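**Q** Position in the sequence shown (first residue = 1) + 3 = our numbering.
Note that CB positions come from ideal geometry on N, CA and C, so glycine has one too.
All values derive from a computational prediction rather than experimental measurement.
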Amino acid sequence: MKGTAAFYDATAHEWAASGYSDEGEVHALLAFARQYPAGSRFLDLCCGCGCDSARIHALGYDVVGIDFSEESLRIAREKNPDVTFYQDNLLNDYSYIGQVDAAYVIAGLVHIETAQLRQAFVRIRSVLKAGGGLFVMIREGHGKMLDRSIKVVNGETYDRNFIGHTLEELIETSLGLFTFVKEVECGDPGWHNYIFQTA
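#1: Is the beta carbon of F181 closer than 8 Å to that of V103?
#2: Please name the residue or residues paired with D65 in a DSSP beta bridge.
#3: Buried or exposed: M140, going by 16 or more other Cβ atoms within 10 Å of its Cβ?
#4: Kindly provide the ranges of any alpha helix (DSSP H) runs that are 4 or more residues long and lie completely inside the region 98 to 177, ordered along the chain.
#5: Spatial neighbours of V156 within its chain, please: CB distance less than 8 Å, with the 5 preceding and 5 following residues excluded, ordered by chain position.
#6: According to the neighbour-count rule (16 or more other Cβ atoms, all chains shown, within 10 Å of its Cβ), is L137 buried or exposed?
#7: Could you check whether Q90 and D70 sit closer than 8 Å to each other, using their CB atoms as the reference points?
#8: Could you tell me which of C54, G135, H16 and I78 sits nearest to E26, measuring between CA atoms?
#9: Helix, strand or coil, according to DSSP, for F35 in the structure here?
#10: With DSSP as the reference, label F10 as helix, strand or coil.
#11: Okay, do the region 112 to 128 and the region 157 to 177 touch, 3+ Cβ pairs below 8 Å being the bar?
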């Protein structure tokens with residue numbers, strides 16, 4: 004059985020087709036970004052095919068993206084020649100990208116075990132400037148969701164390790180690194196958008 008990165012390599016074109024459509028726009032993310040002055044630098048963590056990178060860049064911001072799917076990044080680079088993308092894992096040390104004013108993780112934390120959330124927040128905090136903001140979208144739940152984890156694509160079975168989280172888990176594991184600010188609108192049932200700020 005293949006893993007998460009392989010799943011997104013196999014389905015990258017489908018994610019790009021939906022992500023670059025008008026329906027793929029995360030309105031709350033754009034509202035979050037517009038709070039920052041022109042030229043601010045954003046980190047798109049778990050950027051996938053770069054659809055949100057494209058939208059944030061179009062608002063006049065500098066964007067750097069990180070993802071572990073090679074095929075997703077190939078599409079992202081093709082569609083966004085003015086954005087820098089790196090192949091890496093959000094649990095790794097990616098401080099080589101330099102400092103950013105704000106970061107966002109759209110659904111990326113759904114592939115992170117609850118026990119690894121603290122490490123994810125440590126890595127994000129290491130590149131955020133003081134007072135920097137963090138926008139995260141999570142799926143509400145506790146632990147692994149088998150129905151969302153096991154997927155079959157072209158006869159091949161993948162386990163993308165889909166993990167549900169709660170706001171309480173995020174607050175607890177980010178303690179001392181981030182302060183919870185507020186929840187913002189999310190149109191998808193079961194999904195939540197939260198904003199944090201560096202502590």
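**A** Judging by the given coordinates:
#1: For V103 and F181, no; Cβs fall outside 8 Å.
#2: The partner list for D65 (beta bridge, DSSP) reads R44.
#3: With 16 or more Cβ atoms within 10 Å of its Cβ, M140 is classed as buried.
#4: Entirely contained in the region 98 to 177, the alpha helix (DSSP H) runs reaching 4 residues are, in chain order, 120 to 130, 149 to 152 and 170 to 176.
#5: Closer than 8 Å at Cβ, skipping near neighbours: F10, A13 and T14.
#6: So L137 ends up on the buried side.
#7: Yes. Within cutoff.
#8: Among C54, G135, H16 and I78, the Cα nearest to that of E26 is on C54.
#9: If DSSP states are grouped into helix, strand and coil, F35 belongs with the helices.
#10: It is helical.
#11: Contact holds: three or more Cβ-Cβ distances are below 8 Å.
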